[in-house]
Structures are given as C-alpha cells and as structure tokens.
Amino acid sequence: MELDNLGDWRKTHFTKDVTIELVSKEVILGGWVRNYRNLGGLKFISLQDKYGERQITLKKGVVSDELFEKAKVGYQYCIMVKGIVKKFKEAPGGIEIIPSALKILNTTPDKLPIDMTGETVSELDLRLNNRALDLRSLKNQAVFRIRGEMFKSIRKFLFERNFTEMTTPKIIASATEGGTELFPIIYFEKEAFLTQSAQLYKEQLSGVYERVFEISDCFRAEKHRTKRHLCEILTLDVEIAFSTMEDVLKLLEELVYNVLEDIRENQMTALDYLEMENISMTPEIPFPRYKYEEIIELISTKFGINIEFGEDISTEAYRKLGKELTSYYYITHWPMSIKPFYIMPSKDSKYSESFDLQKGMLELTSGGTRVHNKEQLINALESKGLNSSSFRSHLNSFDYGMPPHAGFGLGIDRWLTMICGLNDIREAVMYPRTADRLTP
Ligand code: ATP
Ligand code: MN
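Heads up: take any position in the sequence shown, counting from 1, add 4, and you land on my numbering.
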C-alpha cells in the first residue's frame, strides 16, 4: 500500500478542542484509528489522539466515491483527516467529522499484539512488552495526564512557598542509609552505586537553600514481587530548615490536598475516564494522626495480630488496617530501633520523631525530624553499625552551622496508583523496572 506524505497538512486541533463551537468549520485532525466499522454504505472511523477521540463519518454519496474507497483502515493506522465539524449527539464529544480528504500516513499489521479498542484488557505483561503501543490507549493517556498534573501541581505548591528545586547526583560512592538495597555500577576503575534516595543531599542543601525539593529517580535493588514495589521509582523529596516533624506533617497534608484538588479541577475528563471521579474526592485535612503504639494496639485488639514494639508492621496487618482506615492518615513516633540513623530520637529515645503517611494499606511517605548535631549523628551512625568514615564528606557539611531540619520522601508512582485506582504500580510508570523487567 502506498502511504501518503504529510505534505503541507498540519493539525489544526487536538480532538479535545473540536467542540460544538466549531460546527460547520473545517479542521485537520491527526492521530490513530482506535476503532472502525464498515456498514456497507456507511463507514465510521474513531480517530484518537493524545487527548481523546472524535468520530469520522463517511456516507456513500455524501463523501466522494474516491474518498469512500480510500477509507480502508486498520487498528492504529496513523491517519490525518480534513473535514467539516458536525453536531452528532451519539458520538464522542457530541461531534462528528464529515471528511473531504484523508491521509494514511502509516499502517499496522493485521493483528495487533494487544487490544487497542478498549473492548478487552490484554494481560499486563503483554501490554508492557508492547508499551509504546499500549501507552496510546485512552486509559493510559488518562493515567499519564494525571501524572503530569501531579508534577505541575506539586511544583506550583512548593514554589509558592519559597522552595528551591534541586537536582542531586544519582551516581554515588556509598550507601545513603547503609542498606544493602543498592545497585552497584562500574564507575571507571571503581565501584559506585545508583542512589536509593536524595536523603543526604537534601539535608545538606537545606543548610543552603532552607527549603528544597526534588522530583527524581531512586533505585531500589529489592527483589520484591508485589504490586506496589518497583526497582526504579520517582520520589518527591522535601527538606525544610528551621522546622520539625510537626511543620512537615502540616505542609504534607496541605500538599496532598492541593494536588488532589488540582487534579479534580483540571483533569476531570481523565478521572471520569478512569471512573475515579468520586473515589478520588479530596480528603479532609488535617489527616488523622496515630502513634505507632496506638496502631499496633489497634491491630492487636481488632485483628488479633500481635506486633512487638520495635517490629515493622506486616503486610497482612496493613491490609487489615487499610480496611478500617481507608483514607489518608499518619502513623507517628516509630521505634527509634527501626528508623535510619539520621532520624531524631524523641525525648524518650525509645521513640523517634518520624512518621509515615498512609492511604489505606499503602505507605505513601516516610519522613521526620533529622539530627543536625554532628556528634550525635556520628554516634547514631555507629550505633546502627555503620562506619562513619564512609560518610565523611556528608558529615563535613555538618561542621558549618547546619540548621535544625525535617523533611519527607513521597513515592510518586505509588500515589498515582492510588489516585487512578490502578491494580498494579507498573501501570503508573511509562517503562517500569522490576526484578523481572529491564525492557522495553
Ligand atoms: P516500603 O516499606 O513500602 O517498601 P520504604 O519504607 O522502604 O517502603 P522509603 O524509603 O520510606 O520506602 O521511601 C519513601 C517512599 O517511596 C515510600 O513511602 C513509598 O511511597 C515509595 N517507595 C519506596 N520504595 C518503593 C518501591 N520499591 N517501589 C515503589 N515505591 C517505593
Ligand atoms: Mn518508609
């Protein structure tokens, strides 16, 4: 089949902009064939682009015979159409296009590897294997529009509050938190690692810019095979000088509230598409706060699951808890014994000035007040069995007037999974990385 050239055709509109106001006007649309029907003397093509779809109607006798003949398309053919906008209640957007010309710019095989009509949902691994095609689905377009709104809204919220956006290195010389969950890489003649979080850099920079944030990749070499873990994640890291956990708890709930409001305000059609318009209702703030001890008490009395003070809360316990506490809530004052060295112990040093933000069973954020006194930090490192000499350059920055500071790290992919009601975190990332997946 001979393909058409783009020539001097340019899109005049995206599908979303072809509204009732354009009735009787000529438009040029471009996109892909989501679906098509041939009813003998009548052909329908639904043309989709990054924002949605519009129906192209070809009726024999109304369009030229030549054009009617030419309109032989397959799923996901790349096409452009020039035509007149007409009102038609039954079509998407209440609009149909009566074409005067059509260009077929590229074709597809007869059988696509995954369903793109939206009528059935192909298996996730198969979809991920064909991700560039899969992402074109109207559902995925909706998910990633919401992801984009999150970035925009987070930045707006933080810039309005005098934050500075930082960019910190992702290649590091040694472990951030002394964990073993790092990916080693070969860095010239040396071994280096991919960063697991911006923790140390954001603390250092809070001593420069006072209020800092970053939205960036972190790498977790965890062999989890769950629907909420990835090996490459995007986190929002925030650090605030001259503040404590109390201030951070307030800022974070406001941020969550604002971002959800923005999504509701600006991405209603995407939410609508995902059938999430009611479920993603903005929660009331302030969020309920529970101390770790209250939570393990509740888990024990309500569900009969015993958690010793100092143990992590198991997935099973979180699952049950999430059925009780379905919205956003904080768990504060975790045992110091299970928190990283940089977390500030509470007055009673059995506890710590730390918190998680939960939504139902899922952890969304961890944060807390940090230690800013160098001697105390060295002691904390050593009592966690870490070697303070491998943190020398970080510790040096604490010699020059490090302010008291506090902050948090929020998992963007996990949050998007919740907001969009997705079943698996891999659906919230364009190209997910897990223990089993390194391509595409
Ligand atoms: P979890 O206990 O759920 O594995 P974590 O406590 O190890 O998470 P943090 O180090 O506190 O994770 O990271 C901050 C946030 O980043 C988490 O609250 C979560 O939202 C997100 N996150 C952490 N690890 C992952 C992962 N492997 N995949 C997806 N998101 C993650
Ligand atoms: Mn955590």
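The C-beta atom is built at its ideal place from N, Cα and C for all residues, glycine as well. Everything numeric in this text was worked out from a predicted model, so none of it was measured.
Beta-bridge partners of residue i, as assigned by DSSP
| i | result |
| --- | --- |
| P188 | F197 |
| Q145 | Q145 pairs with nothing; no bridge assigned. |
| Y333 | Q362 |
| N42 | K47 |
| W36 | Q52 and C82 |
| E236 | F223 |
| V89 | I101 |
| A410 | I244 and T373 |
| I347 | R374 |
| S356 | P349 |
Option in the options with minimal Cα separation from residue i
| i | options | result |
| --- | --- | --- |
| R149 | A432, P444, T443 and D440 | A432 |
| V212 | L368, L302 and E169 | E169 |
| N9 | R374, E279 and I108 | I108 |
| T334 | K91, P349, F412 and Y79 | Here residue 334 turns out to be Tyr, not Thr, going by the sequence shown. With distances taken between Cα atoms, Y334 lies closest to F412. |
| L275 | V85, V67, C424 and S393 | C424 |
| E123 | L366, E257, S247 and Y79 | Y79 |
| R140 | M272, L162 and E57 | E57 |
| G35 | L62, L128, L137 and E127 | L137 |
| T23 | D12, Q59, Y40 and R38 | Q59 |
| R232 | I416, V67, P96 and K29 | I416 |
| D53 | K388, V77 and N144 | N144 |
| S353 | E193, W338 and K93 | W338 |
| P408 | T248, R131 and F192 | T248 |
| G44 | G65, T121, L390 and V37 | G65 |
| N282 | E269, E207 and P113 | E269 |
| E315 | K306, E301 and T305 | E301 |
| A439 | E258, I317 and K227 | K227 |
| G326 | I311, I347, I299 and E312 | I299 |
| L7 | L33, K76 and K29 | K76 |
| I445 | M5, V67 and K86 | As shown, the chain starts at 5 and ends at 444. That puts residue 445 outside it, with no answer to give. |
| E379 | F395, G372 and E367 | F395 |
| E185 | F197, K174 and F192 | F197 |
| L361 | I189, F313 and W419 | W419 |
| N110 | I303, Y81 and V263 | Y81 |
| A410 | G372, I99 and V125 | G372 |
| Y55 | T273, L414, V125 and N427 | T273 |
| R159 | E30, M434, V260 and K15 | V260 |
| I102 | R131, L132 and L51 | L51 |
CA-to-CA distance, residue j to residue i, given in whole angstroms
| i | j | result |
| --- | --- | --- |
| E243 | K351 | 22 Å |
| H17 | L71 | 22 Å |
| L26 | L106 | 19 Å |
| M340 | L381 | 14 Å |
| E288 | N42 | 51 Å |
| P444 | A177 | 28 Å |
| E236 | T230 | 14 Å |
| M422 | R430 | 12 Å |
| F254 | D266 | Per the sequence shown, the amino acid found at residue 254 is Lys instead of Phe. Computed Cα separation, rounded: 18 Å. |
| K343 | E250 | 18 Å |
| Y355 | D403 | 27 Å |
| F345 | T171 | 23 Å |
| T61 | V89 | 10 Å |
| M285 | R374 | 33 Å |
| F291 | F92 | 46 Å |
| S3 | I49 | Limits of the chain in this structure are 5 at one end and 444 at the other, which puts residue 3 out of reach. |
| R38 | T336 | 48 Å |
| A225 | F187 | 6 Å |
| E153 | G389 | 42 Å |
| D129 | E258 | 36 Å |
| E147 | E357 | Rather than Glu, the amino acid found at residue 147 in this sequence is Val. For V147 and E357, the distance between alpha carbons rounds to 35 Å. |
| N134 | M348 | 46 Å |
| D241 | S210 | 11 Å |
| K29 | D21 | 12 Å |
| I311 | D428 | 28 Å |
| N383 | S318 | 29 Å |
| N400 | L238 | 28 Å |
8 Å contact criterion, which residue i and residue j should meet: CB distance rounded
| i | j | result |
| --- | --- | --- |
| M365 | Y296 | About 16 Å separates the two Cβ atoms, so there is no contact after all. |
| S220 | A245 | Incorrect: roughly 20 Å between the Cβ atoms, too far for contact. |
| K206 | E214 | Not quite, the Cβ-Cβ distance comes to about 12 Å (not below 8 Å), so this is no contact. |
| G223 | Q200 | Checking the sequence shown, residue 223 turns out to be Phe, not Gly. Between Q200 and F223 the Cβ distance is about 6 Å, and since that is below 8 Å, they are a contact. |
| I189 | I175 | 7 Å |
| F161 | V216 | 14 Å between Cβ atoms; not a contact. |
| E328 | K306 | 7 Å |
| L234 | R14 | L234 to R14, Cβ: 39 Å. No contact. |
Residue-level contact to chain D via CB, residue i, 7 Å cutoff
| i | result |
| --- | --- |
| G122 | Of the chains in the structure shown, none is chain D; there is only one protein chain. |
Self-check item: Test item, CB below 7 Å from any non-hydrogen atom of the ligand MN
Solution: With 7 Å as the limit between CB and the heavy atoms of the ligand MN, the residues that fall short of it are D360, E367 and S370.
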